[in-house]
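*Asks:*
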Amino acid sequence: MSPLLKTVLEAGGLGLSRKAHPWELTADTFFTGSEAFRASAAQLLDGSPDCVAIVSSASYGMATAARNLPVQRGQSILVLDEQFPSNYYIWQRLAAERGAALKVVPWPENDDWTAAVLDRLTDEVAIAALPNVQWSSGGRLDLVRIGRACRKLGAGLALDLTQSLGAFPFSVREVDPDFAVAAGYKWLMGPYTTGLLYVAPRWHDGIPLEENWIQRANARNFSSLILYTPEYECGARRFDMGERANFALLPAAGRAIEQILTWGVAEISETCGALTRQLVTAVTEFGFSSLSEKLRAPHYLCLRRKSGIPPDFTNLLAHERIFISVRGNSARVTPHVYNCADDVERLITCLRRIAGT
Ligand SMILES: Cc1ncc(COP(=O)(O)O)c(C=O)c1O
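In case it helps, my numbering puts the sequence shown at residues 1438 to 1794.
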């Protein structure tokens, strides 16, 4: 979970305080903030604001994808081994409901997740539900090649970009997924319960998870909301969650994305990559290993050790004010632009001590 920048806190504080005098909120404010967020999110995705829906979480976005992507008895839904639960349970349920199979790509012996996925993208796959970065190895997936393979097969592609968007370059124009979601509180550096969902134009007539007033074409005229209309707002807006206007959190989430765009995703990726490279180079000497640089995401380093990660590992490090997580059998190190080479040196010193060398 990334820390909030001071400017993001400020935007959130100002947003929250608007509710202290709600009579100053005009009908327009229910739309302008949402559209500003959509525009920034679109820039990050390299797509159009019309293709962005505002959602609460990765699971919300994935549930939207599952509501719309077709799958039949005898077909399968492809997921990765040790994939994050918000991109697993919904597909497990859909497969059970439709008499389809959940096909799990096993951890590849050569650590090449892209090749492992491409191998298993066979005729019966109806949906590939994937991340850009495998959760417990940091292995990166070449989504351009996978997207191409899905289109060739006629399979749907639903992506959970929560652990990559904002820190690893991505383009909907190049990948062409059907749906792609990212929760906002990690690499998008926003508050909790804010997220974005890309919906490809071919699904803009799809069925949203909720039916709420603000998704509808007559929403701007508050006095006639009960003149019920079957028409939705254009593009992906029909997939927006209820209360998406969110005066408190949305300005903060938007401010964070603007900062990421100012820094540049490629630059963030390179900065994080230099730090994880520095770490790996030093710690292999005392028994830690990771996927090779060419197979892993630069910003998301998972370290393993033959003898395992000691149970008190994160506590020992937290004592030194170093905060990393253990996920599966890996220690996950996810630096950002607020980290520097000295931080990595401190971590190396601690890991050397823990490894007893
Ligand atoms: C890969 C991935 N997806 C999604 C999430 C968050 O899911 P949700 O927004 O459904 O809580 C996380 C949180 O750790 C994650 O690592």
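Cβ atoms here follow ideal geometry from the backbone N, Cα and C, with glycine treated the same way.
Do L1698 and Y1629 have their beta-carbon atoms positioned less than 9 Å apart in this structure?
*Replies:* No. Outside cutoff.
*Asks:* What are the residues that DSSP puts in a beta bridge with C1739?
*Replies:* Its beta-bridge partners are R1769.
*Asks:* Using only CA atoms, which one of I1663, F1725, D1613 and V1774 lies nearest to I1583?
*Replies:* When each option's Cα is compared against that of I1583, the closest is D1613.
*Asks:* Could you give the distance in angstroms between the alpha-carbon of F1468 and the alpha-carbon of Y1497?
*Replies:* C-alpha separation (whole angstroms): 21 Å.
*Asks:* Do L1625 and L1634 have their CB atoms nearer than 9 Å?
*Replies:* No.
*Asks:* Per DSSP, what kind of secondary structure is G1397 in: helix, strand or coil?
*Replies:* Because the chain in this structure spans residues 1438 to 1794, residue 1397 falls outside the shown range and cannot be described.
*Asks:* Can you give the Cα-Cα distance for S1706 and S1660, rounded to whole angstroms?
*Replies:* Approximately 48 Å, taken between the alpha carbons.
*Asks:* Whole-angstrom Cβ separation of F1676 and A1490, contact assumed at under 8 Å?
*Replies:* At roughly 4 Å, the Cβ-Cβ gap stays under 8 Å, so F1676 and A1490 are in contact.
*Asks:* Answer yes or no: the CB of A1424 versus the heavy atoms of ligand 1, is any distance below 8 Å?
*Replies:* Past the edges of the chain, shown from 1438 to 1794, lies residue 1424, and the structure says nothing about it.
*Asks:* Given the structure, does Q1512 come close to ligand 1, in the sense that its CB is under 8 Å from one of the ligand's heavy atoms?
*Replies:* Result no, Cβ not under 8 Å from ligand 1.
*Asks:* Go ahead and pull the three-state DSSP assignment for R1588.
*Replies:* In this structure, R1588 counts as helix in the three-state DSSP scheme.
*Asks:* Could you tell me which of I1514, L1453 and L1598 sits nearest to A1734, measuring between CA atoms?
*Replies:* The shortest Cα separation from A1734 among I1514, L1453 and L1598 belongs to L1598.
*Asks:* Can you determine whether any heavy atom of ligand 1 sits closer than 8 Å to the C-beta of T1501, and answer yes or no?
*Replies:* No; taking the cut-off as 8 Å, the Cβ of T1501 has no heavy atom of ligand 1 nearer than that.
*Asks:* Just the Cα atoms here: how many angstroms apart are S1513 and G1449?
*Replies:* S1513 and G1449: Cα-Cα distance of roughly 43 Å.
*Asks:* Confirm, please, whether the CB-CB distance from A1502 to D1615 is below 9 Å.
*Replies:* For D1615 and A1502, yes; Cβs fall inside 9 Å.
*Asks:* For the putative contact between C1787 and L1754, defined by C-beta atoms under 8 Å, what is the C-beta separation to the nearest angstrom?
*Replies:* Yes, C1787 and L1754 are in contact; Cβ-Cβ is about 6 Å, under 8 Å.
*Asks:* Go ahead and pull the three-state DSSP assignment for Y1497.
*Replies:* Three-state DSSP puts Y1497 in a helix.
*Asks:* Let me check one thing: in DSSP terms, what residues is S1513 bridge-paired to?
*Replies:* Paired residue(s): A1538 and V1562.
*Asks:* If you compare alpha carbons, which of C1587, P1545 and T1551 is closest to A1563?
*Replies:* Residue C1587 is the option with its Cα nearest to A1563.
*Asks:* Select from S1471, C1709 and P1748 the residue whose C-alpha is nearest the C-alpha of G1603.
*Replies:* The option with the nearest alpha carbon to G1603 is C1709.
*Asks:* Go to I1791, then tell me how far its alpha helix (DSSP H) extends in each direction, as first and last residue.
*Replies:* First-last of the alpha helix (DSSP H) with I1791: A1778 to A1792.
*Asks:* With a 10 Å radius around its C-beta and 16 neighbouring C-beta atoms as the bar for buried, classify L1738 as buried or exposed.
*Replies:* Buried.
*Asks:* Exposed or buried, A1777, counting other C-beta atoms within 10 Å across all chains shown (16 or more means buried)?
*Replies:* The displayed chain sequence assigns Cys, not Ala, to residue 1777. Looking at its Cβ environment, which holds fewer than 16 other Cβ atoms inside 10 Å, C1777 is exposed.
*Asks:* Does at least one heavy atom of ligand 1 sit under 8 Å from the Cβ of P1440?
*Replies:* No, since every heavy atom of ligand 1 falls outside the 8 Å radius drawn around the Cβ of P1440.
*Asks:* If you measure from the CB of G1632, is any heavy atom of ligand 1 nearer than 8 Å?
*Replies:* At least one heavy atom of ligand 1 is nearer than 8 Å to the Cβ of G1632, so yes.
*Asks:* Take I1527 and list the residues in its own chain whose beta-carbon comes closer than 6 Å to its own, dropping the five residues that flank it on each side.
*Replies:* M1499, A1500 and A1503, listed in sequence order.
*Asks:* Alpha carbon to alpha carbon, what distance is there between S1744 and N1524?
*Replies:* Their backbone Cα atoms lie some 30 Å apart in a straight line.
*Asks:* For P1688, name the three-state secondary structure that DSSP assigns.
*Replies:* P1688 falls in the helix class under three-state DSSP.
*Asks:* Let me confirm a value: K1540 is counted as buried when at least 16 other C-beta atoms fall within 10 Å, else exposed. Which label applies?
*Replies:* So K1540 ends up on the buried side.
*Asks:* Give the list of continuous beta strand (DSSP E) stretches no shorter than 3 residues that lie fully inside the segment 1615 to 1670.
*Replies:* If we require 3 residues or more, the beta strand (DSSP E) runs fully inside the segment 1615 to 1670 come out as 1616 to 1620 and 1632 to 1636.
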